[in-house]
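Q: So that we are looking at the same thing, I have put the structure below in structure tokens.
Residue numbers (the working numbering), protein chains in the order written: chain X, 8 to 210; chain Y, 54 to 222.
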């Protein structure tokens, strides 16, 4: 995916080219929705946030400057929208906006491919534990983790989106992963690490 | 945290994710309805920038039919008015016709309303107008005037024909 091309598409849309927007939308609809869904963990809230983010993007099409990466621009809107959502929830007296609708998500988890009922149950339980662990993360760590996992942003881009320094973003990611690991794998097994997080966090 | 511990925790986390098929299998994507809403909003946002029908263009679209209708209306009015004027000119010659045919005028006040259209030829048309005017009727109505004059002229013509035929006998 070419960031330059994304920027060009956004400029074309600002000039009235709807096809350009449709291309952009097709590219980002899924990762953005996953990011917001993991954050909100309530289908209705995720849908509202998703619509809100795109509406803001549409409204700000004339202010977009190609020197800013499009996906950084998009996820910054999403990040800020989620913070606003949490504030609104707090005003309404909801103690933890990210925990609303937990049962809905649990019910929407599709069954894995394993045919064996015990394996299916185990996988389902792992998913539930993972979600609970993500939900239990501090908001900043969860945000960095979800941006990293769901949107594919680099740590540098995440730092821009969340408005913190690169080292801060990196540190948050490491803390988030450590907590998830403790929640999911109480007994660590000494095996070599491979993967994006290990490389980027310097492990 | 040491590098060894990092590797352990990251790998443990990764294995857990893979085992759950969390990121590879879960079809988590926006509903189709949401897609339609967003794309519709995107389309509506740029619609004013497209070359659409502006208010001026909308007015221009109605200008030609409106002009034609107005022209036809004016032309019809003129034709009717001129036609009525011509008829009035013709009827203005009615006293001359009366003189040549030797018809006499009786007192307008004595003539009944129906007598104006009778072939007796008694009375001038203004009789009925004046009486109608006295009753608050349409004494100055042009169409009414034209109709009455036309009927009267017809009656006078019939009366003249009858006299000529009796004289020839």
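Using N, Cα and C, we set each Cβ at its ideal position, and we do this for glycine too.
Quick caveat: nothing in here was measured; it's all calculated off a predicted structure.
#1: Compare the C-alpha of residue 31 (chain X) against each of Y:99, Y:92, Y:141, Y:139 and name the closest.
#2: Cβ of residue 96 (chain Y) less than 8 Å from any chain X Cβ?
#3: So, for residue 60 (chain X): in the same chain, excluding its five sequence neighbours on each side, which residues have a beta-carbon less than 8 Å away from its beta-carbon?
#4: Could you check whether residue 87 (chain Y) and residue 58 (chain X) sit closer than 8 Å to each other, using their CB atoms as the reference points?
#5: Using a Cβ-Cβ cutoff of less than 8 Å, which residues in the same chain neighbour residue 95 (chain Y) once the five nearest sequence positions on both sides are dropped?
#6: Please give me, in chain order, every unbroken run of the alpha helix (DSSP H) with length at least 4 that falls completely inside the segment 12 to 80 of chain X.
#7: Would a check of beta-carbon distances place residue 114 (chain X) closer than 8 Å to chain Y?
#8: Curious, which full-length beta strand (DSSP E) runs of at least 3 residues does the segment 130 to 190 of chain X contain?
#9: If you pair each beta-carbon of the segment 11 to 21 of chain X with each one of the segment 126 to 144 of chain X, do three or more pairs fall below 8 Å?
#10: How would you call residue 92 (chain X), buried or exposed, if buried means at least 16 neighbouring beta carbons within 10 angstroms?
#11: Rounded to whole angstroms, what's the CA-CA distance from residue 138 (chain Y) to residue 132 (chain Y)? Just pull it up for me.
#12: Just to confirm before moving on: does the CB-CB distance between residue 144 (chain X) and residue 186 (chain X) stay below 8 Å?
#13: State the DSSP-derived secondary structure class of residue 95 (chain X), mapped to helix, strand or coil.
#14: Which of the residues in the segment 37 to 71 of chain X, read from start to end, lie with their CB under 8 Å from any CB of chain Y?
#15: From residue 90 (chain Y) to residue 67 (chain X), what distance separates their C-alpha atoms?
#16: Taking CB distances under 8 Å as the criterion, tell me whether residue 99 (chain Y) reaches chain X.
#17: Using Cβ-Cβ distances below 7 Å, what residues of the segment 23 to 35 of chain X are close to chain Y?
#18: Candidates X:28, X:77, X:96: which alpha carbon is nearest residue 158 (chain X)'s?
#19: Nearest CA to the CA of residue 35 (chain X): which residue from X:177, X:47, X:64?
#20: Go ahead and pull the three-state DSSP assignment for residue 118 (chain Y).
#21: When the Cα of residue 46 (chain X) is compared with those of X:75, X:72, X:99, X:152, which residue comes out closest?
#22: Less than 8 Å between the C-beta atoms of residue 180 (chain X) and residue 137 (chain X), yes or no?
#23: When DSSP labels each residue in this structure, what does residue 82 (chain Y) get in the three-state scheme?
#24: Taking residue 183 (chain X) and residue 148 (chain X) to be in contact with their CB atoms under 8 Å, please state how far apart those CB atoms are, rounded to whole angstroms.
#25: Measure how close the beta-carbons of residue 162 (chain X) and residue 176 (chain X) come, nearest whole angstrom, since I'm counting them as under 8 Å.
#26: I'd like to know whether the C-beta of residue 83 (chain Y) is nearer than 8 Å to at least one C-beta of chain X.
#27: Chain X partners of residue 121 (chain Y), CB-CB under 7 Å?
#28: Chain X partners of residue 131 (chain Y), CB-CB under 9 Å?
A: For this structure:
#1: Against the first chain, residue 31 (chain X) aligns to sequence position 24. Minimum Cα distance to residue 31 (chain X) is reached at Y:92.
#2: Position 43 of the second chain, counted from the start, is the residue given in the question as residue 96 (chain Y). Chain X contact via Cβ: present.
#3: Sequence index remark: in the first chain, residue 60 (chain X) carries index 53 (1-based). Cβ neighbours of residue 60 (chain X) beyond the five flanking positions: 39, 43, 81, 84, 85, 88.
#4: For this step, residue 58 (chain X) is matched to residue 51 along the first chain. For this step, residue 87 (chain Y) is matched to residue 34 along the second chain. Closer than 8 Å, so yes.
#5: Here residue 95 (chain Y) refers to the residue found at position 42 of the second chain. Correct list: empty, nothing qualifies.
#6: 25 to 47, 50 to 66
#7: Working through the first chain from its first residue, we reach residue 114 (chain X) at position 107. A caution first: residue 114 (chain X) carries a pLDDT of 40, below 50, which makes its placement in the model too unreliable to give a value.
#8: none
#9: no
#10: The residue labelled residue 92 (chain X) in the question sits at position 85 within the first chain. The Cβ neighbour count for residue 92 (chain X), taken over all protein chains shown within 10 Å, is at least 16; the residue is labelled buried.
#11: Mapped onto the second chain, residue 138 (chain Y) falls at position 85. Mapped onto the second chain, residue 132 (chain Y) falls at position 79. Roughly 10 Å separates the two Cα atoms.
#12: On the first chain, position 137 is the one that residue 144 (chain X) refers to. On the first chain, position 179 is the one that residue 186 (chain X) refers to. Cβ atoms of residue 144 (chain X) and residue 186 (chain X): closer than 8 Å.
#13: The residue labelled residue 95 (chain X) in the question sits at position 88 within the first chain. Note: residue 95 (chain X) maps to helix in three-state DSSP.
#14: 37, 40, 41, 44, 54, 57, 58, 61, 62, 65, 66, 68
#15: Against the second chain, residue 90 (chain Y) aligns to sequence position 37. Against the first chain, residue 67 (chain X) aligns to sequence position 60. C-alpha separation (whole angstroms): 18 Å.
#16: Within the second chain, numbered from 1, the residue matching residue 99 (chain Y) stands at position 46. Residue 99 (chain Y) counts as touching chain X.
#17: 23, 25, 28, 29, 32
#18: Counting from 1 along the first chain, the entry for residue 158 (chain X) is found at position 151. Checking every option, the nearest Cα to that of residue 158 (chain X) belongs to X:77.
#19: As a first step, residue 35 (chain X) is located in the first chain; it is residue number 28 there, counting from the start. The shortest Cα separation from residue 35 (chain X) among X:177, X:47, X:64 belongs to X:64.
#20: Looking up residue 118 (chain Y) in the second chain gives position 65. In this structure, residue 118 (chain Y) counts as helix in the three-state DSSP scheme.
#21: What you label residue 46 (chain X) is simply residue 39 of the first chain in a count that begins at 1. Per the Cα distances, X:152.
#22: Counting from 1 along the first chain, the entry for residue 180 (chain X) is found at position 173. Counting from 1 along the first chain, the entry for residue 137 (chain X) is found at position 130. Between residue 180 (chain X) and residue 137 (chain X), the C-beta spacing is not below 8 Å.
#23: In the second chain, the residue the question calls residue 82 (chain Y) occupies position 29. It is coil, neither helix nor strand.
#24: The count along the first chain starts at 1 and reaches residue 183 (chain X) at position 176. The count along the first chain starts at 1 and reaches residue 148 (chain X) at position 141. Contact holds; Cβ gap of about 4 Å.
#25: Counting from one through the first chain, the residue named residue 162 (chain X) turns up at place 155. Counting from one through the first chain, the residue named residue 176 (chain X) turns up at place 169. About 5 Å separates the beta carbons of residue 162 (chain X) and residue 176 (chain X), which is inside the 8 Å limit, making them a contact pair.
#26: Translated into positions along the second chain, residue 83 (chain Y) becomes position 30. Chain X contact via Cβ: present.
#27: On the second chain, position 68 is the one that residue 121 (chain Y) refers to. Those within 7 Å of residue 121 (chain Y) in chain X number zero; the least Cβ separation is about 36 Å.
#28: As a first step, residue 131 (chain Y) must be located in the second chain, where it is residue number 78. Neighbours of residue 131 (chain Y) in chain X, taken as residues at a C-beta separation under 9 Å, are lacking, since the least C-beta distance is about 51 Å.
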